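A.B. asks: In terms of our numbering, the sequence shown opens at residue 63 and continues consecutively.
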Amino acid sequence: MKRFFTLFLVALIIVHVQGLAQVQDPVIDAIVKEATDNSQLEKLAHELFDGIGPRLVGTPQMQQAHDWAVAKYASWGISAKNEKWGEWRGWERGISHIDMIYPRVKTLEGMQLAWCPSTNGKAITAEVIILPDVTDSIAFQKWLPAVKGKFIMISMKQPTGRPDYNWEEFGTKESFEKMKKDRTEQTDAWTTRIKNTGKTNQTLPVALEKAGAVGVITSNWSRGFGVNKIFGAYTKKIPTVDIALEDYSLMYRLTESGTIPKISVLTDSKDKGVVPTFNTLAEIKGSEKPDEYVMLSAHFDSWDGGTGATDNGTGTLTMMEAMRILKKIYPNPKRTILVGHWGSEEQGLNGSRAFVEDHPEIVQNLQALFNQDNGTGRIVTISGQGFLHSYDYISRWLNKVPEKFKDKLETRFPGTPGGGGSDFASFVAVGALGFSLSSNSWLYGSYTWHTNRDTYDKVVFDDVRNNAIVTAILVYAACEDPSKTLRDKSVMPFNAKGEQSKWPEQRKATRKGGLDQK
Ligand SMILES: [Zn+2]
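#1: Please look up how many angstroms separate the CB atoms of V401 and M381, rounded, as I've assumed it's under 8 Å.
#2: Since V537 is in the alpha helix (DSSP H), which residue starts that stretch and which ends it?
#3: Return the CA-CA distance between M218 and N258, expressed in angstroms with no decimal places.
#4: Look at the alpha carbon of S101 and the alpha carbon of D363, and state the distance between them as a whole number of angstroms.
#5: Alpha carbon to alpha carbon, what distance is there between G375 and G81?
#6: From this set, R245, S563, G211 and G493, which residue's C-alpha is nearest K272's C-alpha?
#7: So, does the region 280 to 289 touch the region 494 to 514, judging by three or more C-beta pairs under 8 Å?
#8: Is D373 close to ligand 1? I mean its beta-carbon at under 6 Å from any heavy atom of the ligand.
#9: Tell me P338's beta-bridge partners as DSSP assigns them.
#10: Could you pull the DSSP bridge partners for T473 from this structure?
#11: Put K324 into one of helix, strand or coil per three-state DSSP.
#12: Please indicate yes or no: does the CB of D366 lie closer than 6 Å to some heavy atom of ligand 1?
#13: What do you get for S488, buried or exposed, if any count of 16 or more other CB atoms within 10 angstroms of its CB means buried?
#14: In terms of alpha-carbon separation, which member of D226, D161, T254 and A185 lies closest to F202?
#15: Since D543 and H451 are thought to touch, with beta carbons under 8 Å apart, how far apart are those beta carbons, to the nearest angstrom?
#16: In terms of residues, what are the limits of the beta strand (DSSP E) holding V401?
#17: Give me the residue from F111, D91 and K105 with the minimum Cα distance to D373.
#18: Compute the Euclidean distance between the alpha carbons of I75 and K347, then round it to the nearest angstrom.
#19: Output the boundary residues of the alpha helix (DSSP H) element that contains Y509.
#20: Please classify E231 as buried or exposed, where buried requires at least 16 other C-beta atoms within 10 Å of its C-beta.
#21: Rounded to the nearest angstrom, how far is the Cβ of W365 from that of I292, given a contact under 8 Å?
#22: Would you tell me roughly how many angstroms separate the C-alpha atoms of I391 and L471, rounded to the nearest one?
#23: Quick one: is V77 buried, meaning 16 or more other Cβ sit within 10 Å of its Cβ, or exposed?
#24: Confirm the yes/no value for this check: CB of D516, any heavy atom of ligand 1, distance under 6 Å.
#25: What does the alpha-carbon distance come out to for the pair K570 and W229?
#26: Taking 7 Å as the threshold (C-beta atoms), are E171 and D309 in contact?
#27: Curious, which full-length beta strand (DSSP E) runs of at least 3 residues does the region 207 to 272 contain?
#28: Just confirm the distance between the C-beta atoms of F486 and G480, as a whole number of angstroms; I'd bet it's less than 8 Å.
#29: Tell me, please, whether the region 155 to 169 touches the region 329 to 342 by the rule of three or more beta-carbon pairs shorter than 8 Å.
#30: Excluding the five sequence neighbours on either side, which residues of its own chain have a C-beta within less than 8 Å of the C-beta of I93, listed in chain order?
#31: For the beta strand (DSSP E) containing L499, name the first residue and the last one.
#32: If you draw a straight line from the alpha carbon of R151 to that of D469, how long is it in whole angstroms?
#33: Which residues in the same chain as K64 place their Cβ atom closer than 7 Å to its Cβ, once the five residues preceding and following it in sequence are excluded?
#34: Just the Cα atoms here: how many angstroms apart are S552 and G496?
#35: CA-CA distance, G277 and K334?
#36: For ligand 1, is there a heavy atom less than 6 Å away from the beta-carbon of D485?
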């Protein structure tokens, strides 16, 4: 009897402890096991980042990536398709060769910007000059003929190639403060220099081109060691190349000291006319409520200085891997699971905005959407995006995620609705429940976001595996939830001026893009 009583007590304690902890769920255990023991992330990353490469809108590589994703889903038994939503200027990047040939020979680190015109197989050799400090647009017009036959440097020379964290660690407080002060003054002065021409950063290269310059040189330093941001060219006939801080400032100093460098530039590229743009969509049909949707979301396109590994290769892979795992472990979801791999996010959330416009039947019946798009790091923040009841369902779903995968994960309820930044905002704008699975930084903003260093080696696979697990469990929980989510909006906060902020407005997708740049 005594022994029986002891057993009874032990049983009571166990029940109590389990009541506090998470209820064991074999589906969640199996999701974790599949993600851990049979991860496809490295293989997918190699195929997409190394094999196909960057995914700039309108390029053949973007199309290859769409086709690759559809084939990959098919191989996992998931039905997928590429859905056309618009057209873009077609362009294909070729080689960039940039060499200094005077006063000494040095191959320069740099590359043509996206949509850069081709030099038609020939290297252009010419002197380099710096955009002068003119008093006004009249003085600029007077100076303009001097650009004929020259390459023009239109970026500021940075006072340091060391990132601030490096100064902070090793410099004296005084020298760090002095550098920052100098940099602010020089940056302001350079902004004035551009403004005084009467042109903007966009129209200045075009003015130089019209006046007979042979090329435009920028250096868009990204405040880390050896890292530049690579965006698009505005010139239509002459090349625009970005040169790394080290080489750019070398040429700048030479020019300032009176030794005018000569460089030779060859850029290859192909104009591809007008090409269609797509979203890749894949679906696991719901068994009980097929007309209600839980969505996974990540933009598929990228800039093309690197390979778009963390913007947004890692978000893409998180969603693909979560889909693969869900299909294997949870093949008959109660609600329909849909993934959107969006095109042309980088030019203004165009793929997801188009989807929202084209599929009201899905958007109206969206249980929740989970988007990831800020690098390779572990998910650390989920905001309720201003939805009043988000604390209820997000907390319940997150509760199903085992503790070790949400270590340091914070929630913000109700949060404020995101007006942009990534594709969840396209859904939030129409009052649909789009959430952002926000990652910790790994210095994303300076080192990989839109840079020439956004490559495979920056991916932290354990963190991406973690994110695939969190995403798959959230999707599973949202599918199983007995109740449909509520969309009531919270009262918007007042700003410092005493004005009530407004819910972000829906914005139209650009359905024909880049064509004016021809
Ligand atoms: Zn992105």
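Note that beta-carbon positions come from the ideal geometry of N, C-alpha and C, so glycine has one too. Model, not experiment: these values are computed from the prediction.
C.D. replies: From the atom records:
#1: Between V401 and M381 the beta-carbon gap is near 5 Å, inside 8 Å, which marks them as a contact.
#2: Boundaries of the alpha helix (DSSP H) around V537: F523 to E542.
#3: Cα to Cα, M218 sits roughly 15 Å from N258.
#4: Rounded to whole angstroms, S101 to D363 spans 23 Å at the Cα level.
#5: Because G81 carries a pLDDT of 41, less than 50, the predicted location of this residue cannot be relied on, and no value is offered for it.
#6: Closest option to K272, Cα to Cα, is G211.
#7: By the criterion of at least three beta-carbon pairs nearer than 8 Å, the region 280 to 289 is in contact with the region 494 to 514.
#8: Proximity of the beta carbon of D373 to ligand 1 is indicated: a heavy atom of the ligand is located closer than 6 Å.
#9: Answer is E149, bridged to P338.
#10: Answer is I444.
#11: In the structure shown, K324 adopts extended strand secondary structure according to DSSP, grouped into three states.
#12: Incorrect: D366 has no Cβ contact closer than 6 Å to ligand 1.
#13: With 16 or more Cβ atoms within 10 Å of its Cβ, S488 is classed as buried.
#14: That would be T254, whose Cα lies nearest to the Cα of F202.
#15: Contact doesn't hold; Cβ gap of about 12 Å is too wide.
#16: Note, V401: beta strand (DSSP E), R397 to W404.
#17: Ranked by how close their Cα comes to the Cα of D373, the residues F111, D91 and K105 have F111 in first place.
#18: Summary for I75: the model assigns pLDDT 46, below 50, so the residue's position carries little reliability, and this model does not support an answer.
#19: Segment: none, Y509 is in no alpha helix (DSSP H) and carries neither H nor E.
#20: Result: exposed.
#21: A Cβ-Cβ separation of about 6 Å places W365 in contact with I292 under the 8 Å criterion.
#22: Counting only the Cα atoms, L471 lies some 25 Å from I391.
#23: For V77, the predicted model reports a pLDDT of 42, less than 50, meaning its position is unreliable and no value from the coordinates is stated.
#24: No, the Cβ of D516 stays beyond 6 Å of every heavy atom of ligand 1.
#25: Using only the alpha carbons, I get a separation of about 44 Å.
#26: Yes, the pair counts as a contact, with Cβ atoms nearer than the cut-off.
#27: Correct list: 213 to 215.
#28: That belief holds up - the Cβ atoms of F486 and G480 are roughly 6 Å apart, short of 8 Å.
#29: Contact holds: three or more Cβ-Cβ distances are below 8 Å.
#30: Excluding residues within five positions, the ones whose Cβ falls inside 8 Å are I387, L388, I391, Y392, I531, A534, I535 and Y538.
#31: Counting along the chain, the beta strand (DSSP E) containing L499 begins and ends at G496 to S501.
#32: C-alpha separation (whole angstroms): 44 Å.
#33: Confidence is the limiting factor: at K64 the pLDDT is only 48, short of 50, which leaves the residue's position unreliable, though a coordinate-based value still follows. Excluding residues within five positions, none has a Cβ falling inside 7 Å.
#34: Their Cα atoms are separated by approximately 15 Å.
#35: About 22 Å.
#36: No.
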